[in-house]
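What follows is one structure encoded as structure tokens, with my remarks underneath.
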Amino acid sequence: MEVTFSHLYKHSGFHVSISPNGKYVANVADTRLVIRDHSQQLVVMHVYETNQAIDWCQWSPNSQYVATLNKNKGVANVWSINDTSWKVTLSDRRFGMEHAWWAPDSCAMLIPSRYELQLTVWLFKRKETRTLDNPKYATQGCCASPDGKYITVLQIKDAKDHLLILDATSFRLLVEFDLDTADATHVSWSPDSQFIVTFDNSIQYKVLVYDLRGQLVWTYSAYEEGLGMKSLAWYGHWLALGSYDGKVRMIHSGSWSLSATFHHPASIKDVTSSAVYEEYVLPNQIKRSLETYVDYRQVSRRPLQLPILRPEYHQPNPKIGIGHCSFSCQGNFLATVNDAMPNVVWIWDLEQGTKSAISHLHPVNQIAWNPAQTVLAIVSGEDHLYFIYPGASDDWIAHPIRLAPGQVSIRQVHWSPDGKHLLALDPKLYCFASVFGMKHK
Numbered sequence: 035m036e037v038t039f040s041h042l043y044k045h046s047g048f049h050v051s052i053s054p055n056g057k058y059v060a061n062v063a064d065t066r067l068v069i070r071d072h073s074q075q076l077v078v079m080h081v082y083e084t085n086q087a088i089d090w091c092q093w094s095p096n097s098q099y100v101a102t103l104n105k106n107k108g109v110a111n112v113w114s115i116n117d118t119s120w121k122v123t124l125s126d127r128r129f130g131m132e133h134a135w136w137a138p139d140s141c142a143m144l145i146p147s148r149y150e151l152q153l154t155v156w157l158f159k160r161k162e163t164r165t166l167d168n169p170k171y172a173t174q175g176c177c178a179s180p181d182g183k184y185i186t187v188l189q190i191k192d193a194k195d196h197l198l199i200l201d202a203t204s205f206r207l208l209v210e211f212d213l214d215t216a217d218a219t220h221v222s223w224s225p226d227s228q229f230i231v232t233f234d235n236s237i238q239y240k241v242l243v244y245d246l247r248g249q250l251v252w253t254y255s256a257y258e259e260g261l262g263m264k265s266l267a268w269y270g271h272w273l274a275l276g277s278y279d280g281k282v283r284m285i286h287s288g289s290w291s292l293s294a295t296f297h298h299p300a301s302i303k304d305v306t307s308s309a310v311y312e313e314y315v316l317p318n319q320i321k322r323s324l325e326t327y328v329d330y331r332q333v334s335r336r337p338l339q340l341p342i343l344r345p346e347y348h349q350p351n352p353k354i355g356i357g358h359c360s361f362s363c364q365g366n367f368l369a370t371v372n373d374a375m376p377n378v379v380w381i382w383d384l385e386q387g388t389k390s391a392i393s394h395l396h397p398v399n400q401i402a403w404n405p406a407q408t409v410l411a412i413v414s415g416e417d418h419l420y421f422i423y424p425g426a427s428d429d430w431i432a433h434p435i436r437l438a439p440g441q442v443s444i445r446q447v448h449w450s451p452d453g454k455h456l457l458a459l460d461p462k463l464y465c466f467a468s469v470f471g472m473k474h475k
């Protein structure tokens, strides 16, 4: 495996993103929006100046526009990539702006106000605005279906959760229905755009699935007492539910039944139950000849105790439960992180029915599957990126890469749509890693 890095570039507020078509890179630098060609040189194509600091930006789905927000002053701008003289602005100083979502056709935006007072539908090409009252959340609760036909909006009315299904082009209300929830905190679509899943807040475990008519298809509660849902992932017919009890429950949407439960034990006693890999510091004589000072080794001793945190239950949002679960690009692997064991990434082989634990020296900040091949990028520690991918047999190859020592402290990573490049960000700088030469099984 070989990884090459671009030069380092400045950014503000982690606002750097690759366009959906993979051709451009947008980054914010204070009051400027910089557009670069996504090539090896990252040549600057356009620089857009604003009168306010930019604290949110996002590409349109068709990669032809970039939207920016200044939340404090309530100003939204949409910039054209092809016509630098074209710009449209929406200002709302009365209610302010907190977030935004693009419509799937890239012709409109949905902008929630501060304090969840209203949701503005800004059809900027038609120079029209419409409003929806009482969106439940300012930064979540609104999402487009994968096929681009519908948009759901979570709304609260008379102290009751409601869900609106809108036509994604005309924004005509198609369906409105009550949710059988006490306090819904999540809404997302199934991959085939036929179902909508929602779950209650963490006080109770309750998952509900509705069809496009607003009919309740399935409801599930794994237990009655204790904190409930924490994360969710969906691929094909598989729905993975991560909860505060440290387990992932696999649901098959064909029968809407529980197919498997994945445990995350702190102590591994059986050699055959799990493959365990651990990061370690290389001896001095090896360090000098390599670009990294750490490596991985497979651990066979049993019983094996994995590093675990003592939960602080008197604090809000205690570090327990499955904080992350996500499927690989082909859906044959599931990666999970139990927040009570923040140094460990678990990978579940859904075809073979096996699991592997990968333990790091430092807590894991983020994991991200490559969208085109079975490669998992892991952010842990200060100056390393870790790439995990299947080897020639049933083992895993773990490849640590050290970035510019003393110059960057990686906090976030994002893959390009084609999976050939990885965007790596520290609090002030970013670069691209080009990854190639991996041999898969």
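The sequence shown begins at 35 in the working numbering and counts up by one.
All residues carry an ideal CB built from backbone N, CA and C; glycine is no exception.
Handout entry: C-beta atoms of Tyr423 and Ile431 nearer than 8 Å
Key = Yes, they are a contact pair.
Problem - Contact under 8 Å by Cβ, His72 with Ile52 - result: Yes, Cβ-Cβ distance for His72 and Ile52 is below 8 Å.
Exercise for the section: Between the Cα of Thr118 and those of Gly108, Val100 and Asp201, spot the shortest distance and give me the residue it belongs to. Expected result: Nearest to Thr118 by C-alpha distance, out of Gly108, Val100 and Asp201, is Val100.
Practice task
Using the Cα positions of Leu292 and Asn318, report the straight-line distance between them to the nearest angstrom.
Solution key: A straight line joining the alpha-carbon of Leu292 with that of Asn318 spans about 50 Å.
Handout entry: Candidates Ala267, Glu259, Tyr464 and Phe229, of which the one nearest Thr253 by Cα
Key = It is Phe229.
Exercise for the section: Tell me, please, whether the segment 292–309 touches the segment 260–270 by the rule of three or more beta-carbon pairs shorter than 8 Å. Expected result: With fewer than three CB-CB distances shorter than 8 Å, the segment 292–309 does not count as touching the segment 260–270.
Practice task
Within 10 angstroms of the Cβ of Met375, are there 16 or more other Cβ atoms? Answer buried if so, exposed if not.
Solution key: So Met375 counts as buried.
Practice task
Identify every residue that forms a DSSP beta bridge with Ala432.
Solution key: Its beta-bridge partners are Ile422.
Problem - Proximity test, Cβ basis, 8 Å: His133 and chain B - result: In summary, chain B is missing from the structure at hand, where a single protein chain is found.
Exercise for the section: Check whether the Cβ of Thr173 lies closer than 7 Å to any heavy atom of the ligand ATP, and answer yes or no. Expected result: Among the ligands in the structure shown, none appear at all, so the ligand ATP cannot be discussed.
Problem - the segment 169–183 / the segment 115–129 touching (three or more Cβ pairs under 8 Å) - result: No: fewer than three Cβ pairs fall under 8 Å.
Exercise for the section: Whole angstroms is fine: what's the gap from Ile69's alpha carbon to Asn111's? Expected result: So the two alpha carbons sit approximately 15 Å from each other.
Problem - Collapsed DSSP secondary structure at Tyr149 in the structure displayed - result: The answer is helix: DSSP assigns Tyr149 an H, G or I state.
Exercise for the section: Could you check the C-alpha separation between Glu312 and Ser390 for me, to the nearest Å? Expected result: Cα-Cα distance, rounded: 11 Å.
Handout entry: Start-to-end residues for the beta strand (DSSP E) that takes in Phe158
Key = Taken as a continuous stretch (DSSP letters only), Phe158 belongs to no beta strand (DSSP E), as it is neither H nor E.
Problem - Buried versus exposed, by CB contacts within 10 Å (16 or more), Gly387 - result: Flag for Gly387 reads exposed.
Exercise for the section: Use the C-beta contact count for Pro140: other C-beta atoms within 10 angstroms, 16 or more gives buried, fewer gives exposed. Expected result: The residue asked about is misnamed: residue 140 is Ser in this sequence, not Pro. Buried: at least 16 other Cβ atoms inside 10 Å.
Exercise for the section: For His455, collect the residues of the same chain with a Cβ closer than 6 Å to its Cβ; drop the 5 residues on either side in sequence, then sort them by chain order. Expected result: Excluding residues within five positions, the ones whose Cβ falls inside 6 Å are Phe466 and Ser468.
Problem - Per-residue burial, Pro495 [other beta carbons within 10 Å of its own, 16 or more giving buried] - result: Here the chain covers residues 35 to 475 and nothing more, so residue 495 does not appear.
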